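Shown next, in structure tokens, is the structure this report addresses.
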Amino acid sequence: DINIKKFLINMTTMYFYPRFTVFSDEDYFQSRACCTFKGHDYEDMEFIILLMFNKNIMMEFNSTRGNWTGFSAFSIEVAKSLNNPGLQLCVCALQNSFFSDKIAFTPTIKLKYVKQSGGSHPAMLVCSAFDFCPKQIKMTWLRNQQQVTAGVSSSEVMPDGDWYYQSHSYLEYTPTTGEKITCMVEHITLSNFLTVSDPSLPETERNKIVVGLSGLLLGFVAVISGLIYYKKKSAGYITLCNSKDNKGTIMNY
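Heads up, our numbering is the position in the sequence shown plus 301, with the first residue counted as 1.
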């Protein structure tokens with residue numbers, strides 16, 4: 302009928318022009334879209350589109366069902382056409398070609414030194430990747446161009462809620478003169494590996510670590526030497542105290 306035809310004309314105009322006009326001053330077209338999901342990882346996401354004409358719902362798309370539904374005889378036929386697998390493949394191909402370069406973002410990499418408050422190593426490096434999409438990313442540590450696996454830990458890839466993701470990798474290590482620590486990042490947006498080298502540890506910090514390690518070693522040696530001296534002196538004291546003279550009296554030394 303004429304109402305359905307008006308609806309289809311306005312729906313077509315809406316998709317091809319930023320601003321669209323209705324068929325007449327008495328008619329109006331309305332569309333509503335709603336996206337629902339759970340948590341920061343966008344679980345159980347559902348997208349619904351409602352297309353209405355003069356307050357009457359004509360068609361609905363539901364991502365959970367994955368198809369369009371018509372609510373009038375003519376809209377049902379239109380929905381069947383939109384749900385055609387061949388048409389859907391064509392639309393998906395167009396969407397992929399149009400959006401593929403718009404939803405892929407190259408990561409920004411930062412490397413920083415963090416003081417250790419505990420642990421088996423006095424220093425830690427943090428390699429952070431920010432503002433990238435899609436979420437698949439690989440971060441590897443290299444020491445003098447050789448992969449490092451000991452002392453390595455990583456966070457989960459975390460969504461920022463605005464198409465972007467972030468991830469962090471940690472390396473516990475003991476600084477050594479002349480070594481080169483590198484964080485290597487692999488992402489679909491990169492034609493080659495992205496590497497960031499260890500920002501040279503400030504000389505004052507490096508000296509503090511060396512002095513601290515030296516003091517710790519000297520303290521350990523002092524404790525061991527003290528224990529050995531104490532045990533020897535205690536053994537000698539017990540021997541002397543157990544010695545007696547011929548009259549049966551304890552000899553004093």
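Ideal Cβ placement from N, Cα and C applies to all residues, glycine included. Fair warning: this is a prediction, and the values are worked out from it, not measured in the lab.
- The continuous beta strand (DSSP E) containing F330 extends over residues F330 to K339.
- Counting along the chain, no beta strand (DSSP E) covers V458, and no H or E run does either.
- Contact annotation, A424 with T475: C-beta distance approximately 7 Å; criterion of less than 8 Å satisfied.
- Within its own chain, the residues whose Cβ lies closer than 6 Å to the Cβ of I350, once the five positions on either side in sequence are excluded, are A334 and F362, listed in chain order.
- DSSP lists no bridge partner for K381.
- Of all C-beta pairs linking the region 449-462 to the region 403-413, fewer than three are shorter than 8 Å, placing the two stretches out of contact.
- N445 has no beta-bridge partner at all, per DSSP.
- Distances from the alpha-carbon of A374 to those of M360, L472 and E487 put M360 closest.
- No Cβ-Cβ contact shorter than 8 Å links V522 with Y471.
- Taken atom to atom, the span from the alpha-carbon of E378 to that of F372 is near 10 Å.
- N368: member of the beta strand (DSSP E) spanning N368 to G371, first to last residue.
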